[in-house]
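Shown next, in structure tokens, is the structure this report addresses.
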Amino acid sequence: KQEVTQIPAALSVPEGENLVLNCSFTDSAIYNLQWFRQDPGKGLTSLLLIQSSQREQTSGRLNASLDKSSGRSTLYIAASQPGDSATYLCAVPSNSGYALNFGKGTSLLVTP
Amino acid sequence: SQTIHQWPATLVQPVGSPLSLECTVEGTSNPNLYWYRQAAGRGLQLLFYSVGIGQISSEVPQNLSASRPQDRQFILSSKKLLLSDSGFYLCAWDPYGGGNEKLFFGSGTQLSVL
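From first to last, the protein sequence lines are chains C and Y. Quick note on my numbering: the first sequence kicks off at 6 and runs consecutively. Quick note on my numbering: the second sequence kicks off at 4 and runs consecutively.
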């Protein structure tokens with residue numbers, strides 16, 4: 006069964022810092038990986054979707070990379086802002102193809 | 004543009020009472036629809052998915068059921084709630100299914116069973 010792990014579980018940084026969130030998965034036979042953002046008590050918002058043929062995707066200050074062979078993905082946030090404070094989750098498709106296997110997330114706090 | 008509506012936002016129910024959570028999607032047709040549950044410390048778990056009207060697949064055995072009476076309507080139900088049914092329930096959709104497109108989530112329902 007596909008296992009998804011996110012490190013660290015929580016992270017606190019001062020505003021303006023660049024930071025990296027990590028995601029690892031046990032089965033490298035994936036065809037994409039998604040990064041989501043979740044604000045407290047809210048639903049998830051898809052930030053970036055990386056197809057298996059791609060190595061990275063960028064959206065504004067966010068850059069996600071994917072290394073299938075090592076079973077890893079990173080989410081890079083440049084020049085962090087207090088508004089970036091949220092939980093960030095990564096997810097990969099399950100073997101059934103319909104379910105997404107989610108990590109437990111990294112809770113990010115950016116302090117002014 | 005597409006939107007997803009989920010209600011209610013919060014719900015407190017006694018053990019043994021019935022449950023009905025509703026989710027509707029606008030601005031698209033024939034979406035794939037999903038119910039996820041997020042329990043504290045356990046991450047997100049897929050409960051049900053549907054690729055069309057009347058077609059429901061269950062990922063895990065449980066006390067809940069799902070129905071899709073219309074193309075863009077997905078309902079999560081229970082006849083008798085258990086304490087273990089407490090959690091944050093999220094409806095989601097994607098346009099093509101198979102996990103190859105972005106997944107869009109509703110705002111969630113926080114269910115507390117007492």
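Heads up, the beta-carbon is just placed ideally off N, CA and C, and yes, glycines get one too.
Closer than 9 Å, CB to CB, is residue i near chain C or not?
{"i": "Asn35 of chain Y", "result": "yes"}
{"i": "Gln113 of chain Y", "result": "yes"}
{"i": "Ser87 of chain Y", "result": "no"}
{"i": "Gln9 of chain Y", "result": "yes"}
{"i": "Phe107 of chain Y", "result": "yes"}
{"i": "Arg45 of chain Y", "result": "yes"}
{"i": "Ala95 of chain Y", "result": "yes"}
{"i": "Leu49 of chain Y", "result": "yes"}
{"i": "Val28 of chain Y", "result": "no"}
{"i": "Glu25 of chain Y", "result": "no"}
{"i": "Val54 of chain Y", "result": "yes"}
Just to check my reading of the structure: residue i and residue j have Cβ atoms closer than 8 Å, yes? What is that Cβ distance to the nearest angstrom?
{"i": "Lys35 of chain C", "j": "Lys73 of chain C", "result": "This sequence places Ile at residue 35 of chain C; Lys is not what is there. Confirmed, Cβ separation roughly 7 Å."}
{"i": "Lys47 of chain C", "j": "Gly111 of chain Y", "result": "7 Å"}
{"i": "Leu67 of chain C", "j": "Leu54 of chain C", "result": "That pair is no contact at about 12 Å."}
{"i": "Ile78 of chain Y", "j": "Leu24 of chain Y", "result": "7 Å"}
{"i": "Val18 of chain Y", "j": "Leu85 of chain Y", "result": "7 Å"}
{"i": "Ser78 of chain C", "j": "Leu38 of chain C", "result": "5 Å"}
Measuring straight from C-alpha to C-alpha, what distance separates residue i and residue j?
{"i": "Leu106 of chain Y", "j": "Leu117 of chain Y", "result": "32 Å"}
{"i": "Lys109 of chain C", "j": "Ser29 of chain C", "result": "11 Å"}
{"i": "Gln56 of chain C", "j": "Trp40 of chain C", "result": "12 Å"}
{"i": "Ala43 of chain Y", "j": "Ser32 of chain Y", "result": "33 Å"}
{"i": "Ser51 of chain C", "j": "Ser58 of chain C", "result": "19 Å"}
{"i": "Pro34 of chain Y", "j": "Pro98 of chain Y", "result": "5 Å"}
{"i": "Leu94 of chain C", "j": "Ser64 of chain C", "result": "16 Å"}
{"i": "Ser70 of chain C", "j": "Glu104 of chain Y", "result": "17 Å"}
{"i": "Leu14 of chain Y", "j": "Gly90 of chain Y", "result": "10 Å"}
{"i": "Leu26 of chain C", "j": "Thr111 of chain C", "result": "7 Å"}
{"i": "Pro64 of chain Y", "j": "Trp96 of chain Y", "result": "22 Å"}
{"i": "Gly109 of chain Y", "j": "Glu29 of chain Y", "result": "12 Å"}
{"i": "Arg60 of chain C", "j": "Tyr103 of chain C", "result": "23 Å"}
{"i": "Asp88 of chain Y", "j": "Ala14 of chain C", "result": "25 Å"}
Looking at chain Y, is there any beta carbon in it that lies within less than 9 Å of the beta carbon of residue i?
{"i": "Thr31 of chain C", "result": "no"}
{"i": "Ala96 of chain C", "result": "yes"}
{"i": "Tyr81 of chain C", "result": "no"}
{"i": "Ser51 of chain C", "result": "yes"}
{"i": "Leu48 of chain C", "result": "According to the sequence shown, residue 48 of chain C is Gly rather than Leu. Output row for Gly48 of chain C: interface = yes."}
Cutting at 7 Å between CB atoms, please list the residues of its own chain near residue i, excluding the five before and the five after it.
{"i": "Val115 of chain C", "result": "Val18, Glu20, Ser85, Gln86, Pro87, Asp89 and Ser90"}
{"i": "Asn106 of chain C", "result": "Gln7, Val9, Ala96, Val97 and Ser99"}
{"i": "Thr27 of chain Y", "result": "His8, Arg75 and Gln76"}
{"i": "Ser33 of chain C", "result": "Lys73, Ser74 and Gly76"}
{"i": "Asn22 of chain C", "result": "As written in the sequence, residue 22 of chain C is Glu, which differs from the Asn given in the question. Answer for Glu22 of chain C: Ser85, listed in chain order."}
{"i": "Asp120 of chain C", "result": "Since the first residue shown for chain C is 6 and the last is 117, residue 120 of chain C is missing from the structure and cannot be characterised."}
{"i": "Lys2 of chain Y", "result": "Not covered by the structure: residue 2 of chain Y. The range shown for chain Y is 4 to 117."}
{"i": "Leu49 of chain Y", "result": "Tyr37, Tyr39 and Glu62"}
{"i": "Tyr92 of chain Y", "result": "Leu24, Trp38, Arg40, Leu79, Gly111, Thr112 and Leu114"}
{"i": "Asp57 of chain Y", "result": "As written in the sequence, residue 57 of chain Y is Gly, which differs from the Asp given in the question. Same-chain partners within the cutoff: Arg71."}
{"i": "Ser4 of chain Y", "result": "Gly30"}
Any heavy atom of the ligand GDP within a distance shorter than 8 Å of the CB on residue i?
{"i": "Gly46 of chain Y", "result": "The ligand GDP is not part of this structure, which contains no ligands at all."}
Using C-beta distances below 8 Å, list every residue in its chain close to residue i, excluding the 5 sequence neighbours before and after it, in chain order.
{"i": "Leu24 of chain C", "result": "Leu16, Val18, Tyr81, Ile82, Ser85 and Leu113"}
{"i": "Ser80 of chain Y", "result": "Pro21, Leu22, Ser23, Leu24, Leu67, Ser68, Ala69 and Ser70"}
Would residue i pass as an interface residue toward chain A - the criterion being a Cβ-Cβ separation below 9 Å?
{"i": "Phe77 of chain Y", "result": "No chain A appears in this structure, whose protein chains are C and Y."}
Leaving aside the five residues before and after residue i along the sequence, list all residues of the same chain whose C-beta is less than 6 Å from its C-beta, in chain order.
{"i": "Tyr52 of chain Y", "result": "Tyr37 and Ser60"}
{"i": "Pro117 of chain C", "result": "Glu20 and Pro87"}
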